[in-house]
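Working notes, structure below.
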Amino acid sequence: MLQGSASVIIALLMGILGVAYVLWQLRLVLSYDQGNDTMRSIASAIQEGAAAFLNREYRFLAIFVVVVAAVIYVLLREWQTAVAFILGAIASGGAGYLGMYVAVRANVRTAAASSRGLHEGLRVAFGSGSIMGMSVVSFSLLGMTILYLIFDGNINYVTGFGFGASSIALFARVGGGIYTKAADVGADLVGKVEQGIPEDDPRNPAVIADNVGDNVGDVAGMGADLSESYSGSIIAAATLGATLVIAGGDPLAYIGLPFLVAAVGVLSSLFGIYMVVGEVWDATPTTHEDTNVEAAAEAPAEETVIGDTDERTAPEEPVIAPRFTSPSSSSSSGGFLAFIKQFVAKIDENATQEELLTALRRSVWGASVVVLVLSLVAVLLAGVHFNYWIVILVGLVAGNGIAYATEYYTSYTEKPTQGIADASQTGAATTIIQGLAVGMLSTVAPVLIVALATLLSVWLGVQAAGGLAVEGSLTAGLYAVALAGVGMLSTLGVTLATDAYGPVADNAGGIAEMSHLPGHVRNRTDALDSLGNTTAATGKGFAIGSAVLTALALMAAYVTAAGVESLNLLDPTMLPGILIGAMLPYLFAALTMTAVGKAAFQIVLEVRRQFREIPGLMEGTGTPDYKACVGISTESALREMVLPGALAVVVPLVVGFVLGKEALAGLLIGATSSGFVLAVMMANAGGAWDNAKKWIETGEYGGKGSDAHKAAVVGDTVGDPFKDTSGPALNILIKLMSIVSLVFASAFGSGWLTF
């Protein structure tokens, strides 16, 4: 039987393996062809805008981290927790920065690869997404296991790591969400609605800010969000495992099991990633002349080059990129490798959206199957009850169930979204009404799935302990809930890759449009972009579901650590705590929505000014000032993210110290309940509005330019901050408040306000 420390060491080794993959894949992605000079210039402008935002955001966060670490030390007198907090912030921020760095360089490489074929474009984009996915998993595992070993197995100190990851996640998600949607709304309102120019048109001054925003919101933001869930679920399970004393049980085994499950998840994710990107490379190189992008530009380069290109234009030497070949062409493959290669996706040029989606689904399914097999081995090695393997299965099934429910309500091939498109025929008002109704209705399935998963996990945990009559059995049930969260997130490496790939494909389409590549290249990038829209919607659903299970587990860990013996509604502080908690997600959503509105207003004014004052801008002979819009988005996002971020940290501390630990437990119950439902509603309503517009753009109800399309564009614009700012940020709110409560649990008492 494996001891707890042995499980943690295995997790450490798997973290190192994940980092090795990240470095290898990073080198591979950066070796791909970048296309012609115009493409490189556009990509360089996106890179500059992304770097400007992240560098300024991280400078602010560095100060925040130092201040909070000092507060932790002053209040708790634990330098270990303060160090763990700093390391958690570095791990989460580092993963987000690396993912962003790769994404804004993979976009132009995806556009160039798409000129060679649809499958090659998919592999480049998905390969870059896998760097984000595996960075989150590997950096989190390395940080937590190193801290656990350094602190001699004291898991209480490691909770600071989760707090650090959560803090970075909140600001990355909120700041990135404000940036991306301010730019998107501003670009759409003036470009599409007022000027009637298409998306990603180089004449639109906000087009570069819009492309930058796709990355800061859906790559760095989503990565930090799921990094928080991943580390939080492991910490919650290990914290509860440390208090688990049941007949014949070793607490170290229960501490080590979540680390062991996460470790096998690394191997499983690598297998899932291989199913998409794993074809063998031919030794014959491809130069960038082979991509046909040099001759593809239909307009002179000076009309579409972004900014000063003297320093950005790459050398004239051909760029070497590997060529894809069929797995069967390799004669050196062994029997096992040949068997594995049978699972690699094979996509031809005429692949439908359903075939592309199936290729990505197979990667997640494959990883899930491998996790189940290896986690069974992990449970047997840890020497814990077989029920805990079933709990892991429950978590995986729940995660996939939430993803499919999200897809049903947001896909334009399904009736809910088509109903919104149908309502658009009578104007924007009915579009909004129907979209809100779809969003509200979409909360039913995820809530029932999470409720069922929680009940089943608790029952399995209690039965594993010998029934409710056994002392410690209820804690075993709560431990099982936390383990279900670990199971749900065990395939995060590949799940996040399918989501982070989307912004890369979206940017690739924008670069292809702005650099006037041939129609067949744009068709391929459009297909990849449409696929990314679907995976983004399901990814948000998965993120929300995992956030709730993580928050429930952290809440249980807090109640245990704070010594809250019972949650009594007759307690005079309990009900006020629940009511305050239920209100907080609405206040938080209002602040983030208002922030997007303010920033979008400034961008709209700037874009209008440029169209009015720059001669020849509408005709394509004038050059827009892209940097002005990038600057407005950056300033607004950094300024507006402070208040929502402070709210999530300060309110739990105030309630805990003033009203006491029981009231704080009530706050967490109220915030998790209302935040979960509100997040699902906002994310799915926004996704449905977006895809209703896309459904009309396929030719339904008059197609582009029709009255129905104009109404759908309004719905999509309203839905943008729903699905990409407020909704996703609520995930982090409920998790951050829970982990703040857990970290400071020992400092709370009966409260300053006594009855």
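Counting from -19, one number per residue, gives the positions in the sequence shown under our numbering. We put the beta carbon where it would ideally sit given N, CA and C, even for glycine.
Going by DSSP, Ser437 is part of the alpha helix (DSSP H) stretching over 424 to 444. Apart from the 5 residues on each side of it in sequence, Tyr459 sits with its Cβ closer than 7 Å to the Cβ of Ala217, Leu220, Gly221, Leu224, Tyr234, Gly441 in its chain, given in chain order.
Nearest in C-alpha terms to Ser718, of all of Ser147, Leu41, Tyr53, Ser108, is Ser147.
Secondary structure of Ala331 (DSSP, three-state): coil.
One alpha carbon belongs to Val170, the other to Val46, and they sit about 41 Å apart. Apart from sequence neighbours up to five positions away, the residues of its chain that approach Gly379 with a beta-carbon distance below 7 Å are Met468, Phe522, Gly525, Ser526, ordered along the chain.
The Cβ neighbour count for Val54, taken over all protein chains shown within 10 Å, is under 16; the residue is labelled exposed. For Lys607 and Val192, the gap between their C-alpha atoms comes out near 11 Å. Apart from the 5 residues on each side of it in sequence, Gln333 sits with its Cβ closer than 8 Å to the Cβ of Ala507, Ser510, Leu511, Thr514 in its chain, given in chain order.
For Asn487, the uninterrupted alpha helix (DSSP H) run begins and ends at 472 to 494, by DSSP.
Between the stretch 353 to 363 and the stretch 493 to 505, the count of Cβ pairs shorter than 8 Å is below three; the stretches do not touch. Secondary structure of Asp704 (DSSP, three-state): helix.
Out of Ala403, Lys578, Gly482, the CA that lies nearest to the CA of Trp669 is found in Ala403. Judged by DSSP secondary structure, Met598 falls outside any alpha helix (DSSP H); it is assigned neither H nor E.
Note on geometry: alpha-carbon atoms of Pro552 and Val635 lie some 13 Å from one another. By the neighbour-count criterion, in which 16 or more other beta carbons inside 10 Å mark a residue as buried, Ser11 falls on the exposed side. Membership of Val192 in the alpha helix (DSSP H) is indicated by the continuous run 187 to 195. Annotation: the continuous alpha helix (DSSP H) that includes Arg103 extends over 98 to 130.
For the pair of segments examined, the stretch 346 to 357 was found not to touch the stretch 104 to 121: the number of CB pairs separated by less than 8 Å stays below three.
Under the 10 Å beta carbon count, Gly683 is surrounded by fewer than 16 other beta carbons and is classified as exposed.
Residue range 641 to 677 is occupied by the alpha helix (DSSP H) that includes Ser654.
Residues of the same chain with a CB within less than 7 Å of the CB of Asp486, apart from the 5 flanking positions on each side, are Asp194, Asp509, Gly512 in chain order.
Pairwise C-beta distances place the stretch 599 to 618 out of contact with the stretch 693 to 702, as fewer than three of them are shorter than 8 Å. In the three-state scheme derived from DSSP, where H, G and I count as helix and E and B as strand, Arg7 is classed as helix.
The C-beta separation of Ser213 from Ala533 comes to about 6 Å, placing the pair in contact by the 8 Å criterion. Just measuring C-alpha positions, the residue of Leu232, Pro185, Ala145, Glu37 sitting nearest Ser207 is Ala145. Per DSSP, Gln60 is one residue of the alpha helix (DSSP H) stretching across 59 to 94.
For the beta strand (DSSP E) assignment, the stretch 332 to 380 encloses no uninterrupted run of at least 3 residues. As the crow flies, the alpha-carbon of Glu335 is around 33 Å from that of Thr530. Under the three-pair Cβ rule at 8 Å, the stretch 127 to 143 does not count as touching the stretch 155 to 174. Here Gly557 carries a helix assignment [DSSP, helix/strand/coil]. Sixteen is the threshold: since fewer than 16 other Cβ atoms of the shown chains lie within 10 Å of the Cβ of Asn548, the residue is exposed.
Between Ile712 and Gly399, the alpha-carbon positions lie close to 31 Å from each other. For the set Ala727, Val244, Val501, Ile22, the Cα lying nearest the Cα of Leu121 is the one of Val244.
Rounded to the nearest whole angstrom, the CA to CA distance from Ile558 to Val2 is 43 Å. Sequence-distant partners of Ile370 (beyond 5 residues in either direction) whose C-beta falls short of 7 Å from its own C-beta, in its chain, are Leu440.
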